[in-house]
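Numbering (the numbering used here), first residue to last: 42 to 500.
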Ligand code: GCO
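Dropping the structure here:
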C-alpha cells in the first residue's frame, strides 16, 4: 500500500464526522417531463445548438427519479452517513410560483424516507441551478422579484420535509450560477454582461439571507448553511502586478460572497472596481444576507494561478507549466485546500464547515472483465483527505466530507463526457458499476467507523 493510502487510512477524523457523497437534481434525476415537473432554464439551455457538448441534456441523465432506491442502496453499501442532493424547484412549483405540484414533493418525500430507512442523513440543497423557466422569462435572478419566488419555494419544501431533513443548504455556488450563467453565457440561461451577473449574484445572496429565518421558523431543528465554490488565488509571480491581480481575483470570486455572508458588506476593493455594474442594493439587503448560519459548505477542486494582463492588469487564470491535472484540466493541488480551510477559519470563523464537494473527473473505462479501475481518483481523494485531516488537527471545525460525486452524471456544458462518479454509469443501459475508488471509499469509511468504535470502548 503506498504511503498516501496508508497515511489516509490512519487519519484521525472526529468520531461524528459525516462521510458523504453529493449529487444535484438536474445532473442525475432525468424524468424532466414526468409527474408535473415544469421546464427549467437548463432544459431550455440544452436545446440551444452549440451550448452543450454533443447536444447532451438532462432528459434522462442517470434516471435517478426512477432508480433512487438502487442508488440509496449503493450509498448504504458505501457506508455513507450523509447524502447531499438538490431539490428541483420546477418539480415543486412548475411555474416558479403559485400552484404546488404534490407529485414533485412526493418524490423527495420518498427519497428522504428511503435515506432515513438506511440511516443516511439527508443534506438538501434548495437551489442547484435549475431555475423554473417561467421565472427566467420574467427576468430571472437579475430581477429582484425572483427572490420572493425563491422564498415561496423554500416555504413549500421545508414545510413538507422539515420534520425529517435537518441540514439545509440554501444555494449551491452562487458565483457559478451568476457569472457563468448570467455573465459569460456558458451555463444556463446563457446571458452575458457584468450587470446581469452582479445583479444575479446579489439576488442569489439576498435569497439565501431571506431563506435562513424561513427555514428556522418551519424547521426548528434546522442547521442552515450555504455552499460556495472557493479557490485560493495564487499570483503567477512575485511581481507587483501579479500580486495585485491575484488579490483582485480573490476579491471578485471568493470575498465577493464570503464578506456579505460573514461580514455584512461587499469587499470594498472589489466593489470599487465593479461600481459601474452594481445592481440596486437596498438599505437592509446586506443585513439580510448576513443572517447567522450554522455552517459553511465548501466546494473545492483546485487553486487558481493568476497573472496580470499586460497594460490593463486584468486578472487572468493561467495553467501551471507542470503538475498533474484532472480531465477538467484542473490542477491537483491539495495544499491549497488546506490553505483555504485554514483561511476560512481564521478570517471568517464559520461555526462549522462541511466539504460539500471535492472530487475529480478522469477518463474512466471498463476493462476486459467489466471493472473500472480509477487509481487516479483514489489518489486525488486521499491527498485531499490528508489536507482535511491536517486542517482539523490545526483547529478547523470541519464536520463532514462529501465526494463529488456518487454517480457519473450530466456535467453541465460538458454534457456526459466528464465522469466524476465513484460509480460508473453506463448511460445506454443505466447500469451502475462501482469503480475501484468506490471500494476504496467503502473500506476507508469502514476503518474510520471501527476506529471510532475502538476509541469509544477505551475506558
Ligand atoms: C460545481 C457543481 C457541480 C459540478 C462539479 C464538477 O461545483 O460546479 O456544484 O454541479 O458538477 O463541481 O464541476
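Quick reminder that beta carbons are idealized off the backbone N, C-alpha and C, glycines included.
{"query": "For residue 440, the first and last residue of its enclosing beta strand (DSSP E)", "result": "439-445"}
{"query": "Nearest candidate by alpha-carbon position, reference residue 406, set 418, 397 and 400", "result": "418"}
{"query": "Span separating the alpha-carbon of residue 178 from that of residue 137", "result": "10 Å"}
{"query": "Span of the beta strand (DSSP E), counted from its first residue to its last, around residue 475", "result": "472-475"}
{"query": "Closer than 6 Å: residue 193 CB and nearest the ligand GCO heavy atom", "result": "no"}
{"query": "Same chain, Cβ closer than 6 Å to residue 213, neighbours up to 5 away in sequence not counted", "result": "166, 169 and 268"}
{"query": "Which of helix, strand or coil DSSP assigns to residue 366", "result": "strand"}
{"query": "Distance between beta carbons of residue 382 and residue 432, contact taken as under 8 Å", "result": "4 Å"}
{"query": "Residue 306 vs residue 293 beta-carbon contact at 7 Å", "result": "no"}
{"query": "Close-in-space but distant-in-sequence residues of the same chain around residue 109 (CB under 6 Å, 5 per side omitted)", "result": "152"}
{"query": "Burial state of residue 287, where buried means 16 or more other Cβ atoms lie within 10 Å", "result": "buried"}
{"query": "Alpha-carbon to alpha-carbon, residue 422 and residue 453", "result": "22 Å"}
{"query": "Contacting residues, own chain, Cβ-Cβ under 7 Å from residue 270 (five flanking each side not counted)", "result": "214, 216, 217 and 340"}
{"query": "Cβ distance (whole Å) where residue 69 is taken to contact residue 103 below 8 Å", "result": "4 Å"}
{"query": "Counterpart residues of residue 281 in DSSP-defined beta bridges", "result": "Answer is none; residue 281 lacks a bridge partner."}
{"query": "7 Å Cβ cutoff met for residue 393 and residue 438", "result": "yes"}
{"query": "Residue 460 burial status per 10 Å Cβ neighbour count (16 or more: buried)", "result": "buried"}
{"query": "As assigned by DSSP and simplified to three states, the class of residue 60", "result": "strand"}
{"query": "Cβ distance (whole Å) where residue 157 is taken to contact residue 205 below 8 Å", "result": "6 Å"}
{"query": "Check: residue 445 C-beta below 6 Å from any heavy atom of the ligand GCO", "result": "yes"}
{"query": "Beta-carbon gap between residue 266 and residue 337 smaller than 7 Å", "result": "yes"}
{"query": "Alpha carbon of residue 38 to alpha carbon of residue 232, nearest angstrom", "result": "Look at the range of the chain in this structure, 42 to 500, and you will see that residue 38 is not part of it."}
{"query": "With 16 other Cβ atoms within 10 Å as the buried cut-off, status of residue 262", "result": "exposed"}
{"query": "Bridge partner(s) assigned by DSSP for residue 225", "result": "233"}
{"query": "Sequence-distant residues of its chain with Cβ nearer than 7 Å to residue 155 (five each side left out)", "result": "109, 110 and 113"}
{"query": "Among 174, 197, 352 and 211, the one whose alpha carbon lies nearest that of residue 259", "result": "197"}
{"query": "Check: residue 372 C-beta below 6 Å from any heavy atom of the ligand GCO", "result": "no"}
{"query": "Assumed close pair residue 78, residue 132 - CB separation to whole angstroms, cut-off 8 Å", "result": "5 Å"}
{"query": "Residues of its chain near residue 93, where Cβ-Cβ distance is below 6 Å and the 5 sequence neighbours each way are ignored", "result": "87, 454 and 456"}
{"query": "Residue 398 CB to nearest heavy atom of the ligand GCO below 6 Å", "result": "yes"}
{"query": "Under 7 Å between C-beta atoms of residue 246 and residue 389", "result": "no"}
{"query": "Close Cβ partners of residue 90 (< 8 Å) along its chain, the five nearest in sequence each way excluded", "result": "96"}
{"query": "Option nearest residue 469 by Cα separation, candidates 74, 450, 284 and 190", "result": "450"}
{"query": "For residue 429, the nearest candidate out of 395, 491 and 410 (CA to CA)", "result": "395"}
{"query": "Contained beta strand (DSSP E) runs [length at least 3] in the stretch 371-448, N- to C-terminal order", "result": "394-399 and 439-445"}
{"query": "Residue 127 to residue 65 span [Cα, whole Å]", "result": "5 Å"}
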